[in-house]
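Enquirer: Residues -19 to -1, 1 to 457 (mature numbering (1 follows the signal peptide of the UniProt record, and there is no 0)) make up the sequence shown, in order. Have a look at this one before I ask anything.
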Amino acid sequence: MLKRTLLILTLPAAFYLQAQDISEIKNTTDVYNNNSINGTAKYVGMAGSMGALGGDISSVNVNPAGLGVNIASDLSLSLSTYSNKNTSTLGSASASNKVNKTDLGNASAIIAFDLSNLNSKWKFVNIGVSYNSTFLNDQVGTPGNSNIKIQKDLIDENNNPLVGNLSYQGHVYSRDGRSDKTNFTIGANYDNRIYLGAGINMSSISYTQDDYSFFHLDANNVTDSYEKQYTPYLEDSRGFSANFGIIGKINNQFRLGAAIETPTWWNVDRVYRDYAIANDGYTDTAEFSESRNLRTPFKATVSAAFVPNKNFAFNVDYIQGLSKPKYTTTSAVNSDLNAFYNENYKNSSEVRLGAEYRYEGLRVRAGYAFANNPFNNIMLSSYNNDGSIHDVNYSNLMLSKRNTLGVGLGYDFKAFYIDASYQNVSSEYDNPFLYGSANNGTGYYSNNFDINSPAYAVSKVKNQMNNLVFTLGWKF
């Protein structure tokens, strides 16, 4: 049963969002259209820049033609240790939250079919299967500011009306879950000069999202927690996409690559909590569900590689989004979300650079990637540190540009190989919360009553993600 409503008002040069949309808009971009660099240690160490080099199963995420470069069958397992730290600053106060996870990050297999004995220009046809898992855990805790006060008409124990003052004491966004993706890819080598590839990708996502605030009521001197309308919610989703690519050797030193990836078509099932004020003045709670379809952006990648000798290789990739996210299930909620993306979403882009140096069995790798902010500037009514309200034009609302640095080492023992890599991903963004509309029932709720803020509190968040990956592989 679907009950949820959403309102996004368009005004000249600005969108004024209701707060229940914030996590939904962010997750549509950050979770369902996730371009994070995860996979084998080699891939992570080179910041995912392998579009014209190939030769590693995780390179199919950028260009499936990279599978055609392999000349041996391969089995590998990768262990990933993940850390995500957020420091949220509101006024002069800061709070930090950190989550850590360790799990199997990647499991892959390549079967190489050597066709050179057939006296054909087709040298290899390879089949690859890769499973990749990414943690979605993210928690942002923001300190309070007692200057932010919201008045509420209440009734005391003697049924006399009174005006209570609720001062803001803190806020938490919390997301827990994972994203799993399985690639099925075929790659081919034509005359050791042209490499072709095609793949299908089966994805699944499961996570819970919560949004709650703390307020102190002066009337009874009690601090209580208040849940945001429609939270917590659980989403379970299934997605499908395909990608196609080509790599060509210009000569022995230079290679060019190109690839396209279709949108991922998602079916999203959600169970959420709805709050309403009953006739007796207290809060009633009920659970509802909805199912809808989401289409993420179409993407294209162009790549170039320079391989001057057997010891060194350098690669650059440019990834460009060519469309916008779109919810294709007809509803007022989805129409409003699509209107927001049409107005405020920029086609995303990312540049990746990666290099590898080889000396006998030793491998040394490094990489860097830069992704742009996917949103235009957005204006919100937000609180000043003294509790007053003003309009601010934010350039990094919800998400921002992202910098990724990777380094790695490996050693090839001929049949077996081991790789290790370290990755750091950093970003800084403006984190909006607290707004709620009494008319639309989109505020924060306790067991006793609701709170509706006329403006946003917006904190500055510094995000640091660190990832250690260890890969053990066998070539045969």
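Built from N, CA and C at the ideal position, the CB exists for glycine as well.
In the DSSP assignment, the alpha helix (DSSP H) including phenylalanine 321 goes from what residue to what residue?
Expert: From DSSP, the alpha helix (DSSP H) with phenylalanine 321 extends over 313 to 325.
Enquirer: Going by beta-carbon coordinates alone, are aspartate 84 and serine 39 separated by less than 8 angstroms?
Expert: Not in contact: aspartate 84 and serine 39 (Cβ atoms no closer than 8 angstroms).
Enquirer: Would you list the one or two residues that DSSP bridges to threonine 245?
Expert: Note: threonine 245 sits in no beta bridge, so no partner.
Enquirer: Considering only residues of the region 356 to 400, which uninterrupted beta strand (DSSP E) runs meet the minimum length of 3 residues and lie entirely inside it, listed in chain order?
Expert: Here the runs fully enclosed are 359 to 364, 370 to 375 and 383 to 394.
Enquirer: DSSP three-state label for proline 142, please.
Expert: Reduced to three states, the DSSP call for proline 142 is strand.
Enquirer: Can you list, in chain order, the stretches of the beta strand (DSSP E) that have 3 or more residues and sit fully within the region 421 to 453?
Expert: You should have found no qualifying run.
Enquirer: According to DSSP, is leucine 45 helix, strand or coil?
Expert: Residue identity check: residue 45 is proline in the sequence provided, not leucine. Looking at proline 45 - three-state DSSP - the assignment turns out to be helix.
Enquirer: Secondary structure at threonine 166, three-state DSSP: helix, strand or coil?
Expert: Three-state result, threonine 166: strand.
Enquirer: Determine the contact status of alanine 90 and phenylalanine 105, defining contact as a CB-CB distance below 8 angstroms.
Expert: In this structure, phenylalanine 105 does not lie closer than 8 angstroms to alanine 90 by Cβ.
Enquirer: Suppose you measure from the CA of glycine 368 to the CA of histidine 152; what does that come to, to the nearest Å?
Expert: Answer to the nearest angstrom: the Cα atoms are 16 angstroms apart.
Enquirer: With C-beta atoms as the reference, is asparagine 374 less than 8 angstroms away from serine 408?
Expert: It is not a contact, given that the beta carbons lie outside the stated cut-off.
Enquirer: Applying the criterion that 16 or more other CB atoms from any shown protein chain within 10 Å of the CB defines a buried residue, is lysine 395 buried or exposed?
Expert: Result: exposed.
Enquirer: Alpha helix (DSSP H) containing alanine 22: first to last residue?
Expert: 22 to 26 is the extent of the alpha helix (DSSP H) around alanine 22.
Enquirer: Do you know how far the Cα of valine 12 is from the Cα of threonine 204?
Expert: Spanning the two alpha carbons is a distance of roughly 33 angstroms.
Enquirer: Any idea if leucine 343 is buried or exposed, counting beta-carbon neighbours within 10 angstroms, 16 or more meaning buried?
Expert: Leucine 343 should be labelled exposed.
Enquirer: Here's the rule I'm using: 16 or more other beta-carbon atoms within 10 Å means buried, otherwise exposed. How should asparagine 260 be labelled?
Expert: It counts as exposed.
Enquirer: So, with DSSP's three-state summary, where would you put isoleucine 6?
Expert: Three-state result, isoleucine 6: helix.
Enquirer: Have a look at asparagine 315 and isoleucine 3 and give me their C-alpha separation to the nearest angstrom.
Expert: Those two C-alpha atoms are separated by around 14 angstroms.
Enquirer: Apart from the five residues on each side of it in sequence, which residues of its chain come closer than 7 angstroms, Cβ to Cβ, to asparagine 325?
Expert: So the list reads Phe(-5), Phe356, Asn357 and Ile359, once near-sequence residues are dropped.
Enquirer: Just mark lysine 280 as buried or exposed, buried being the case when its beta carbon has 16 or more other beta carbons within 10 Å.
Expert: Lysine 280 should be labelled buried.
Enquirer: Does DSSP classify valine 50 as helix, strand or coil?
Expert: If DSSP states are grouped into helix, strand and coil, valine 50 belongs with the helices.
Enquirer: Checking the sheet assignment: what are the DSSP bridge partners for phenylalanine 296?
Expert: With the sequence shown as reference, residue 296 is identified as asparagine, and phenylalanine is not the correct amino acid for it. Note: asparagine 296 sits in a beta bridge opposite Ala286 and Gly335.
Enquirer: Do you know how far the Cα of valine 25 is from the Cα of asparagine 16?
Expert: Rounded to whole angstroms, asparagine 16 to valine 25 spans 13 angstroms at the Cα level.
Enquirer: Taking 8 angstroms as the threshold (beta carbon to beta carbon), is asparagine 51 in contact with chain D?
Expert: Chain labels in this structure do not include chain D; a single protein chain is all it has.
Enquirer: List the DSSP bridge partners of asparagine 182.
Expert: Paired residues: Asn164 and Ser222.
Enquirer: Relative to the C-alpha of alanine 53, which residue among Asn107, Asn412 and Ser184 is closest?
Expert: Of the candidates Asn107, Asn412 and Ser184, the one whose C-alpha sits nearest the C-alpha of alanine 53 is Asn107.
Enquirer: Would you grab the beta carbon distance between alanine 169 and glycine 49 for me? Rounded to a whole angstrom, and I think it's under 8 angstroms.
Expert: Confirmed, Cβ separation roughly 5 angstroms.
Enquirer: If I measure Cβ to Cβ from glutamate 268 and keep anything under 8 angstroms in the same chain, skipping five residues before and after, which residues do I get?
Expert: Closer than 8 angstroms at the Cβ level, and outside the excluded window around glutamate 268, lie Val252, Tyr253, Arg254 and Asp255.
Enquirer: Around the C-beta of aspartate 37, are 16 or more other C-beta atoms found within 10 angstroms, so that it is buried, or is it exposed?
Expert: Buried is the call here.
Enquirer: Do tyrosine 338 and the ligand NAP come close, with the Cβ less than 7 angstroms from some heavy atom?
Expert: For the structure depicted, the ligand NAP is absent and the ligand set is empty, with no information on it obtainable.
Enquirer: Between the Cα of glycine 391 and the Cα atoms of Glu216, Phe414 and Ala347, which residue gives the shortest distance?
Expert: The shortest C-alpha separation from glycine 391 is found at Ala347.
Enquirer: Tell me which same chain residues have a C-beta within less than 6 angstroms of the C-beta of serine 111, skipping the five on either side of it?
Expert: These residues qualify, in order along the chain: Ile38, Ser89 and Asn164.
Enquirer: Give the straight-line distance between the Cα atoms of lysine 441 and isoleucine 129, rounded to the nearest whole angstrom.
Expert: Rounded to the nearest angstrom, the two C-alpha atoms are 17 angstroms apart.
Enquirer: Rounded to a whole number of angstroms, what is the C-alpha to C-alpha distance between proline 244 and leucine 303?
Expert: Using only the alpha carbons, I get a separation of about 10 angstroms.
Enquirer: Taking only the alpha-carbon atoms, compute the straight-line gap between leucine 143 and asparagine 201 and give it to the nearest angstrom.
Expert: Those two C-alpha atoms are separated by around 12 angstroms.
Enquirer: Taking the straight line between their C-alpha atoms, what separation do you get for alanine 74 and glycine 125?
Expert: Roughly 8 angstroms separates the two Cα atoms.
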